[in-house]
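Step one of this worksheet: look at the structure below.
Chains as they are written, first to last, in this note's numbering: chain A, 1 to 241; chain B, 1001 to 1241.
Following this line, the structure appears as structure tokens:
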């Protein structure tokens, strides 16, 4: 994607709030939302994650895709604790696919997707948007409970009872998770077909804070590398050592 | 309540996250949670509301009730807009009961309770708490969609699919809204019976920022005054003029 947009003007397309973390999955999701004819409004969270690299990446990506607006919402989940992603636990490294498939990893952040989707719902109501796009995936990394289809269906049902716009019949929230049934290799294939430049993205949980290089050994790096290998191509981002 | 606790030690009682705004309803809810034998953990939000008075009140109330912990979470819903409570619209004044009963007021904040309950869910998971108490009320002020029992049931269902603890069978979230079917007069009667000192609370949407005096004319003030009048007693807080 080089910032070019479909010929239809942004104001004529249905609005969609797109959760954008700066990672591979959410960037692909943004490209799919645009390809499906939606006017994207990107939403990023600074929630006390270990590093700011993904927020910088998200800004670059949002600009490159010419989103209607890019909002970065701040709050601090570190005060609650309970996760490796917010610095409380250690990010696991070098795990095998079998190990990743067992149990819910330490990188789980309590209720994170529920909080993210709740803010998306608030913004969707103000924008008059019926659509929320999110890059959840239930195949690779199925450990997270708030990435499962039954959770997402329950959130959608709750959302349509929550807002003034929904109750007044002016809003019908649909949560779109176009990656939910794709493997990492399939996600990358889909994104490449849409022209996504994956050199803009960060997936690493624990990148080098000076160089921005990915660690290559956390679950997110291992899955990403496997996804590129599955397509027979090199990952365009830099890895440490 | 003068800070005295039930004789059972706090660590032996089941933990409950209690949403505490510093208002009459949430303070009564906190007193009820304690009376029902829960160890309360109070959660307050600084979300860009028009004034800080209610946060100061919440701190005083939390201290007075000797809660296990009081957390104030910061984020700014003003960036989304769409509400009189975050400064975007005008707070309506002097409305009749009939006017209040018609439609959803401008003080509605998009998806606010969903965001609040999502943070409560995150904290409940980290605390190992099964219980969330919230002061929603469906009788007086029935305009807010996210105060209705059907919304709350849908949130609870979603919550029990969302967390690692729930999926692992270690958590069964219950949302308690003990005020849901009470009138304002009944809420005050219940609180007074539990020894709640309502002089600690603020309900006003638009208090005098210098004196802290309530305006006496917004919907929240009118309902509160009616509630005290219904008990034949004076509201202990100061009102402007």
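In this text, a Cβ means the ideal position worked out from N, Cα and C, and glycines have one as well.
Between the Cα of residue i and the Cα atoms of the options, which residue gives the shortest distance?
i: residue 81 of chain A; options: A/225, A/30, A/109 and A/54; result: A/109
i: residue 179 of chain A; options: A/13, A/27 and A/17; result: A/27
i: residue 163 of chain A; options: A/29, A/126 and A/62; result: A/126
i: residue 1050 of chain B; options: B/1214, B/1086 and B/1170; result: B/1086
i: residue 1251 of chain B; options: A/111, A/166 and A/212; result: The structure shown does not extend to residue 1251 of chain B, since chain B spans only 1001 to 1241, so no value can be given for it.
i: residue 239 of chain A; options: A/229, A/225 and A/233; result: A/225
i: residue 152 of chain A; options: A/190, A/175, A/130 and A/235; result: A/175
i: residue 45 of chain A; options: A/181, A/113 and A/64; result: A/113
i: residue 41 of chain A; options: A/79, A/134, A/92 and A/90; result: A/134
i: residue 106 of chain A; options: A/93, A/177, A/35 and A/117; result: A/93
i: residue 90 of chain A; options: A/223, A/205 and A/130; result: A/205
i: residue 1067 of chain B; options: B/1032, B/1083 and B/1079; result: B/1032
In this structure, what does DSSP give as the bridge partners for residue i?
i: residue 1218 of chain B; result: B/1093
i: residue 1131 of chain B; result: B/1016 and B/1174
i: residue 71 of chain A; result: A/43
i: residue 239 of chain A; result: A/214
With C-beta atoms as the reference, is residue i less than 8 Å away from residue j?
i: residue 18 of chain A; j: residue 123 of chain A; result: no
i: residue 137 of chain A; j: residue 25 of chain A; result: yes
i: residue 1132 of chain B; j: residue 1173 of chain B; result: yes
i: residue 30 of chain A; j: residue 119 of chain A; result: no
i: residue 1053 of chain B; j: residue 1207 of chain B; result: yes
i: residue 231 of chain A; j: residue 22 of chain A; result: no
i: residue 1015 of chain B; j: residue 1039 of chain B; result: yes
i: residue 185 of chain A; j: residue 227 of chain A; result: yes
i: residue 158 of chain A; j: residue 1071 of chain B; result: no
i: residue 1075 of chain B; j: residue 75 of chain A; result: yes
Using only the alpha-carbon positions, how far apart do residue i and residue j sit?
i: residue 1146 of chain B; j: residue 1095 of chain B; result: 22 Å
i: residue 59 of chain A; j: residue 1143 of chain B; result: 38 Å
i: residue 1128 of chain B; j: residue 1155 of chain B; result: 18 Å
i: residue 20 of chain A; j: residue 1221 of chain B; result: 41 Å
i: residue 1197 of chain B; j: residue 1233 of chain B; result: 13 Å
i: residue 191 of chain A; j: residue 1063 of chain B; result: 53 Å
i: residue 195 of chain A; j: residue 69 of chain A; result: 21 Å
i: residue 1012 of chain B; j: residue 98 of chain A; result: 39 Å
i: residue 161 of chain A; j: residue 213 of chain A; result: 43 Å
i: residue 36 of chain A; j: residue 1210 of chain B; result: 53 Å
i: residue 1215 of chain B; j: residue 182 of chain A; result: 56 Å
i: residue 236 of chain A; j: residue 1084 of chain B; result: 47 Å
i: residue 47 of chain A; j: residue 73 of chain A; result: 8 Å
i: residue 104 of chain A; j: residue 1079 of chain B; result: 34 Å
i: residue 121 of chain A; j: residue 177 of chain A; result: 15 Å
i: residue 241 of chain A; j: residue 117 of chain A; result: 37 Å
i: residue 229 of chain A; j: residue 1034 of chain B; result: 57 Å
i: residue 223 of chain A; j: residue 1100 of chain B; result: 54 Å
i: residue 1055 of chain B; j: residue 1200 of chain B; result: 11 Å
i: residue 1149 of chain B; j: residue 189 of chain A; result: 45 Å
i: residue 1077 of chain B; j: residue 1139 of chain B; result: 26 Å
i: residue 1130 of chain B; j: residue 130 of chain A; result: 32 Å
Counting C-beta neighbours from all protein chains within 10 Å, is the total for residue i 16 or more, i.e. buried, or is it exposed?
i: residue 1217 of chain B; result: buried
i: residue 187 of chain A; result: buried
i: residue 1 of chain A; result: Because the pLDDT of residue 1 of chain A is 39, which lies under 50, any placement of that residue in the model is unreliable, and the number read from its coordinates should be weighed accordingly. So residue 1 of chain A counts as buried.
i: residue 169 of chain A; result: exposed
i: residue 171 of chain A; result: buried
i: residue 1004 of chain B; result: Confidence at residue 1004 of chain B is low in this model, with a pLDDT of 44, below 50, so its placement is unreliable and the value that follows should be read with caution. With fewer than 16 other Cβ atoms within 10 Å, it is exposed.
i: residue 7 of chain A; result: Annotation note: pLDDT 49 at residue 7 of chain A (below 50); position unreliable, no value reported.
Could you check if residue i belongs to the surroundings of the ligand HEM, using beta carbon to heavy atom distance under 7 Å?
i: residue 70 of chain A; result: The ligand content of the structure shown is nil, which means the ligand HEM is not present either.
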